[in-house]
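>
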Amino acid sequence: MKRLKKLWIISFIAMLMISLLSGCIVPSSSPEETEETDEEFKGTIKMYAGTYSPNRVLNANQKPATVLKKLAEEYEKETGVKIEFIKGLPADQDYMTWVRTKASGGQLPDIIWSQWYDANTALAKGTLTDLSKYLDQPNPYVDNKPWNELLNKQIISDTKSADGSTYVINGDYVGTATYYNVEAFEKAGIKELPKTWSEFIDASQKLKDAGYIPFAWNLASTPTGTDRITWLTRLFFTNFFADEYDDLRYTGNEGITNEDQVIAIKKGVYGSENEKWMEIWPILKDFSQYWQPDFTGGDSNGQGTMLAFLTGEVGMYFDGSWASQQIKSANPDFEWSSFKNPYPDKGVSEFATDFDSSAAIGGPSASFQYAVPSKQANNSLTTAKEKAIVDWLMYITTPERNEEIVNELGENVPTVVGAKPIDELSGLSDLANQPLQSVFGGINLEKKELDAIYRAFQSYILGETTLEEFAKVADTEMEKTADSLIQQNNWDLSEYLDE
């Protein structure tokens, strides 16, 4: 009996010890680390909103953005989720360095601004969340319409990564336009806005006949001057080479890379050996007869052509969509508007195609480009939080809210289906629906290359050198730059050149 009692006591003590120990066992993962599924996220979403942020660092004459803050407050009342906007970086701090540094420590905010091409190629793989799985889900803020029916289909297609991932949600488009004096057009008898280059030159002649300077152009040796010449050449190169665009993507990337351009130079596609490449320069020289007399003068910190336009004596000039607010602030004493840049046609060259290249200068590379860092780059991300982040992105990509956000600053064109730009940019609304296709022609692979070609172009326009002399300089500079890039990047191009 004593033996049985002793065994019972031992068993009881053993059971008690097991019970005590089991109460001390630590679970393999904390609640914070456990994947959330059905639970709704309640907390704060941190967002680096860039240009549209209510607390961005403003430069002189920049307009503050307020709409996102208002929408965030409304969203919090509706969902209980708070949106906190990260303060903008100072001008002397490199944004991409900040992103990479934060990502390496898992400290990126929940939403960041990112250029789509940086998201696809410049950031380490795994930094951002592929949002593809959410695109066909219903947007509860637009009658449960599938999200991808609200987002611009052309932009979604053009900005995917090589493996088909969608890292960035786009909501605006930066375009370039031809700004024009409405009164000057009326006095010159121009009844329809020019769409093709032939129509554009015809309008220039009518303006000249009516006593106006047809076009304000900057050919000075300044950053603005060199930049604008690449606008014009891109307009022509993209049109002339439209039928060869896929062939020019030698390396198989979505767009034409610097490596592709080097290959084209080495194959003689870009340069004086190609009549198509050579055709552009005489057309531009012919256009120069419609420029203001002092087109080689200083550019007033990049604003010279705009200042000339504001006098009312100039019929047209090229600028970015961002210029609309600057013109509006200047309050000129004439009515003005804009239209998308004219594209080459058969009337100007036998090499012209039917491709509308007006979208070649600009693209969905503006301020409304938001990406979601992955768990790897943002330690605070959970499944529930990711769903809440996507819900907020859906909230701000309804047509009405997208339009309100983008049009407050009036610098870009909203791209959500149904959203409309400000009146002054209404002529650019179709740009976002055109293919993201641009051909640079090999002239601006490096700054020193472009500067040398630009100086030769100036001399050619002024009649100081011949077309052949200009072309010789361009060939030399492109070849030299191509060789330099091959060496710097250790490119083996034999598979493309040994054909």
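Going from the sequence shown to our numbering is simple: count from 1 and add 387. Note that beta-carbon positions come from the ideal geometry of N, C-alpha and C, so glycine has one too.
#1: Got a sec, what are the start and stop residues for the alpha helix (DSSP H) Asn794 sits in?
#2: I'd like to confirm the pairing. Which residues does DSSP put opposite Tyr730 in its beta bridges?
#3: Count the other C-beta atoms from every protein chain shown that fall within 10 angstroms of the C-beta of Pro926, then say buried if there are 16 or more, exposed otherwise.
#4: Would you grab the beta carbon distance between Ser711 and Glu641 for me? Rounded to a whole angstrom, and I think it's under 8 Å.
#5: Ordered along the chain, which non-local residues of its own chain (more than five positions away) have a Cβ less than 7 Å from that of Lys578?
#6: As a quick exercise: from Asn876, Thr769, Ile473 and Ile830, pick the residue whose alpha carbon is nearest that of Phe624.
#7: Answer yes or no: do Asn661 and Leu832 have a C-beta to C-beta separation smaller than 8 Å?
#8: Pull up the distance between the alpha-carbon of Tyr677 and that of Ala603, whole angstroms please.
#9: Here's the rule I'm using: 16 or more other beta-carbon atoms within 10 Å means buried, otherwise exposed. How should Pro801 be labelled?
#10: From Tyr482 to Leu445, what distance separates their C-alpha atoms?
#11: Can you tell me whether DSSP reads Gln756 as helix, strand or coil?
#12: Kindly indicate which residue of Leu538, Ile667, Asp817 and Trp485 has the alpha-carbon position closest to the one of Gly749.
#13: For Pro760, count neighbouring C-beta atoms within 10 Å of its own C-beta (all shown protein chains included) and say buried if the count is 16 or more, exposed if not.
#14: Please tell me whether Asp848 and Leu619 are closer than 8 Å, where the distance is taken between their beta carbons.
#15: Starting from Asn568, trace the beta strand (DSSP E) both ways and give me its first and last residue.
#16: Gly797 to Ile809, Cα distance in whole Å?
#17: Which whole-angstrom value describes the C-beta separation of Leu799 and Ala753, a residue pair presumed to lie in contact below a C-beta threshold of 8 Å?
#18: For Gly702, I'd like the list of residues in its chain whose CB is within less than 8 Å of its CB, leaving aside the five on either flank, ordered along the chain.
#19: Quick one: using the 10 Å Cβ neighbour count with 16 as the cut-off for buried, is Phe472 buried or exposed?
#20: Spatial neighbours of Tyr730 within its chain, please: CB distance less than 7 Å, with the 5 preceding and 5 following residues excluded, ordered by chain position.
In this structure, then:
#1: The residue given as residue 794 occupies position 407 in the sequence shown. Following the DSSP letters along the chain, one finds Asn794 inside the alpha helix (DSSP H) bounded by residues Pro786 to Leu796.
#2: Along the sequence shown, one-based indexing puts residue 730 at 343. Bridge pairing for Tyr730: Thr583 [DSSP].
#3: No statement about residue 926 is possible, as the shown extent of the chain runs from 388 to 886 and does not include it.
#4: To locate residue 711, count along the sequence shown from 1; it is residue 324. To locate residue 641, count along the sequence shown from 1; it is residue 254. The Cβ separation is near 30 Å, so there is no contact.
#5: In the sequence shown, counting from the first residue as 1, residue 578 sits at position 191. Answer for Lys578: no residue qualifies.
#6: Residue 624 sits at position 237 when you count from the first residue of the sequence shown. Ranked by Cα distance from Phe624, the options Asn876, Thr769, Ile473 and Ile830 are led by Ile830.
#7: Walking along the sequence shown from the start, residue 661 turns up at place 274. Walking along the sequence shown from the start, residue 832 turns up at place 445. No, they are not a contact pair.
#8: The residue you call residue 677 lines up with position 290 of the sequence shown. The residue you call residue 603 lines up with position 216 of the sequence shown. Distance between the alpha carbons of Tyr677 and Ala603 is about 8 Å.
#9: If you number the sequence shown from 1, residue 801 lands on position 414. By the neighbour-count criterion, in which 16 or more other beta carbons inside 10 Å mark a residue as buried, Pro801 falls on the buried side.
#10: Against the sequence shown, residue 482 aligns to sequence position 95. Against the sequence shown, residue 445 aligns to sequence position 58. Between the alpha carbons of Tyr482 and Leu445 lies a distance of about 16 Å.
#11: Here residue 756 corresponds to residue number 369 of the sequence shown, with the count starting at 1. Gln756 falls in the strand class under three-state DSSP.
#12: Here residue 749 is taken as the residue at index 362 of the sequence shown, counted from 1. Ranked by how close their Cα comes to the Cα of Gly749, the residues Leu538, Ile667, Asp817 and Trp485 have Asp817 in first place.
#13: For this step, residue 760 is matched to residue 373 along the sequence shown. That one is buried.
#14: For the purposes of this step, residue 848 is taken as the residue at position 461 of the sequence shown. For the purposes of this step, residue 619 is taken as the residue at position 232 of the sequence shown. Strictly speaking, residue 848 in this sequence is Ile, with Asp absent from that position. Result no, Cβ atoms of Ile848 and Leu619 do not sit closer than 8 Å.
#15: Here the question's residue 568 lines up with position 181 in the sequence shown. Counting along the chain, Asn568 sits inside the beta strand (DSSP E) bounded by residues Asp559 to Asn568.
#16: Walking along the sequence shown from the start, residue 797 turns up at place 410. Walking along the sequence shown from the start, residue 809 turns up at place 422. Pairing Gly797 with Ile809, the inter-Cα distance amounts to about 6 Å.
#17: Against the sequence shown, residue 799 aligns to sequence position 412. Against the sequence shown, residue 753 aligns to sequence position 366. Per the sequence shown, the amino acid found at residue 799 is Asn instead of Leu. The pair is a contact, with the Cβ atoms about 5 Å apart (cut-off 8 Å).
#18: Here residue 702 refers to the residue found at position 315 when the sequence shown is read from its first residue. If we look at Gly702 and ignore the five residues flanking it on each side, its Cβ neighbours are Tyr567, Asn568, Ala571, Phe572, Ala575, Ala590, Ser591, Leu594, Tyr599, Ile600, Pro601 and Phe602.
#19: Counting from one through the sequence shown, the residue named residue 472 turns up at place 85. Per the 10 Å Cβ criterion, buried.
#20: As a position in the sequence shown, residue 730 is number 343, starting the count at 1. Here the set comprises Thr583, Trp584, Leu622, Asn626, Asp743, Ser744 and Ser745.
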